[in-house]
Amino acid sequence: MTGSTFRFAPSPNGELHLGHAFSALLNSDLARARDGRLLLRIEDIDVTRCTPEYEAGIYEDLRWLGVEWEEPVRRQSDHFGEYEQALAHLIREELVYPAFMSRGEIRAHIAARPDGGRNWPRDPDGAPLYPGPERELSVKERRQRMEAGQPFAWRLDAAAAMARIAGPLSWREYEDDSLARIGNVEADAQAWGDVILARREIPTSYHLSVVLDDALQGVTHVVRGRDLYHATAIQRLLQELLGLPPPRYRHHRLIVDAEGRKLSKSLRHTGLAALRAGGKTPDDVRQLVGL
């Protein structure tokens, strides 16, 4: 199959571990088998946690694994202007609104309910859905609060967004790592409620930037971890709202530790650099992740 474009898109906020290695190697193998392209994207919109040192480590680890990618590498922090344009379009279409509640205020609002918030709806990741009182504010009041410097985030008005979509929303999901079988998955975007699409200080979010990047880079196949399976629903909704072509998806198995936890930078699971320093080879890594 020609014309296939894959991508590996890590964030430089920690060291790559075996979970990253599995995803990078799987994308590399699939691109090579299809005579396709492999792109590397650096997802560094979180400018407070992402560092040049971690970014340099990504390149070193991937080269050691034998992963080859096309140049130039797209760094999200170089493209805030493109994300701002997409956000401005959604603002003009009245599909987003400024949300002023802090996390503490959200918790207090939910806890004040008669049931203490026990029955408050939650998103697929377990977080409570945003109450959304600002949907009822006038344009004038929103503007006054913003101009007064009150902290806010731009949230998607999920109900208004779904009302713009003609027909059911779904995505095409490959059902195995060989990409031999494919099925159709219903995208329940409203299960996420009014997600954040940008903040006052950062004009984008993961959801907004990833759909734009995939479209602008011509990505045809998104192969990533199972932990992002449900998030695809929000991304499909944004693709429809922005008129972007949807790629096909494969959400692969996760590499877990001895306790069954997904490998994580925050849990400081052993990085590839440490494995390399300990004498492991790229072939050892392939065996460790089951490739």
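In case it helps, the numbering used here puts the sequence shown at residues 1 to 291. All residues carry an ideal CB built from backbone N, CA and C; glycine is no exception. Predicted model, so just to flag it, every value in this text is computed and none were measured.
Phe80 carries a helical assignment under DSSP once its states are collapsed to helix, strand and coil. Per the coordinates, the alpha-carbon of Gln190 lies some 43 Å from the alpha-carbon of Asp284. For Leu263, the number of other beta carbons within 10 angstroms of its own is at least 16, and it is reported as buried. Under the three-state reduction of DSSP output, His230 falls in the coil class, being neither helix nor strand.
Out of Trp69, His207, Leu244 and Ala112, the CA that lies nearest to the CA of Asp35 is found in Trp69. Distance from the CA of Gly132 to the CA of Glu15, rounded to the nearest whole angstrom, comes to 37 Å. For Ala99, the closest alpha carbon among the candidates Arg199, Leu254 and Val211 is that of Arg199. Excluding its 5 nearest sequence neighbours in each direction, Val47 has C-beta neighbours in its own chain below 7 Å: Ser77, listed in chain order. Closest in C-alpha terms to Ile45, from the list Arg75, His17, Gln287 and Glu60, comes Arg75. Under DSSP, Tyr174 takes part in a beta bridge, and its partners are Ile182.
For the 9 Å CB-CB criterion, Leu95 and Asp157 form a contact.
Looking at the DSSP output, Lys280 bridges to nothing.
In this chain, the beta strand (DSSP E) harbouring Phe6 covers Thr5 to Phe8.
Residue range His221 to Gly225 is occupied by the beta strand (DSSP E) that includes His221, with no alpha helix (DSSP H) assigned at that position.
Nearest to Asn13 by C-alpha distance, out of Thr51, Ala33 and Thr5, is Thr51. Taking C-beta separations shorter than 6 Å and ignoring five residues to either side along the sequence, the partners of Asp61 in its chain run Leu16 and Leu272, following chain order.
In the structure shown, Glu70 falls within a strand segment according to DSSP collapsed to helix, strand and coil. Put simply, of Ala231, Trp154 and Gln287 the residue whose alpha carbon is nearest the alpha carbon of Gly126 is Ala231.
Judged by DSSP in its simplified three-state form, Arg253 adopts coil rather than helix or strand.
Rounded to the nearest whole angstrom, the C-alpha separation of Glu93 and Gly66 is 45 Å. Judged by pairs of C-beta atoms under 8 Å, the region 166-176 does not touch the region 106-123, as fewer than three such pairs exist. With contacts defined as CB atoms closer than 9 Å, Ile42 and Ser23 fail to qualify as a contacting pair. Ranked by Cα distance from Asp194, the first of Gly260, Ala112 and Pro124 is Pro124. For Val210, the uninterrupted alpha helix (DSSP H) segment begins and ends at Tyr206 to Leu216. Checking the DSSP bridge columns, you'll see Tyr97 partnered with Arg155.
When C-alpha distances from Pro203 are compared across Ala9, Ala31 and Ala153, the shortest belongs to Ala153.
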